[in-house]
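First comes the structure, then the notes that go with it.
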Amino acid sequence: MRIATTMLMFCVAALLALGMVMLYSASMTQKGAHYLMMQCTWCAIGLVAAVVMACSDYHKLRSWATYLFVVSVVLLMFVFVPPVGMKINGAYRWINLGFARFQPSELAKLTTIIMLSAYAVRHSRQMGSFKTGLLAPFSIVGLMMVLILLGRDYGTTILLVTVSTMVLLIGGVRWRHLLPVVLGVFGVIAAMMWSNPVRRARLLAWLDPGQHLDGTGYQGWQAI
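Under my numbering, the first residue of the sequence shown carries the number 320, and numbering increases by one thereafter.
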């Protein structure tokens, strides 16, 4: 366990260091160290939060699951309500707090893990059935996924589906129950992305950046 914890901490530290170097390299000519200092501030806040959680009994999070779910759903709805919610580049993802912007989908990621884990523990003996093991939890978490998908945040939706799949598998859900549902959800997301001209252009540029050097493939080609 200690080795796993050490490896996890090393991976996180390496990703943070690499991310900061890339962020500073990309923004130093225009903003200097502005974005780097912002990132350092958020890293410090995250470090404090990590220490607090490490010193806390995570079993107590089970009692917070329902409250976190309600708060997450309400906040995800607020992104569609102006002037609180903000539409940026055609997507509804942010809440304007005046002094800062908040992305409710970030809270939804944590809520998904806590909610599904608490559910799996509570119904551990019935997780092998389709109704209890898959239909009920996906109906609950599916509400958050739909709200995020309606906000055109396809990346977070895909991440939530992936995380939910992993948690449910660990919780005891059968592959034969889970696989058709997951494939169906990914199919819907893919269809929505392809029907959106902006997302389709980005996908094509990602597949072949050399054919889109003057447009959506510019950044990808420069990175290569």
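We put the beta carbon where it would ideally sit given N, CA and C, even for glycine. Just so you know, these numbers come straight off a predicted model, no measurement behind them.
Check your understanding: Helix, strand or coil: which one does DSSP assign to G461?
Key -> helix
Review point. Going by the CB atoms, is the gap between M464 and T476 shorter than 8 Å?
Key: yes
Exercise for review: Entirely within the segment 366–426 and at least 3 residues each: give me those beta strand (DSSP E) ranges in chain order.
Suggested key: 404–407 and 410–415
Check your understanding: How far does the alpha helix (DSSP H) with K350 in it reach, from first residue to last?
Key -> R321 to K350
Exercise for review: Could you check how far apart the C-beta atoms of R412 and V398 are, in whole angstroms? I think they sit under 8 Å.
Suggested key: 6 Å
Check your understanding: Where does G491 fall in DSSP's three states?
Key -> coil
Point to revise | With 16 other Cβ atoms within 10 Å as the buried cut-off, status of L435 | key: buried
Check your understanding: What residues in its chain sit with their C-beta under 8 Å from that of V392, if we drop five residues either side in the sequence?
Key -> L462, M463 and L466
Check your understanding: Which residues in the same chain as V501 place their Cβ atom closer than 8 Å to its Cβ, once the five residues preceding and following it in sequence are excluded?
Key -> V480 and T484
Check your understanding: What's the call for D376, buried or exposed, on a 16-neighbour Cβ count within 10 Å?
Key -> exposed
Practice item. Select from C359, A368 and L426 the residue whose C-alpha is nearest the C-alpha of F388. Key: L426
Review point. Closest to L498 by CA distance: which of L523, F457, L526 and D472 is it?
Key: F457
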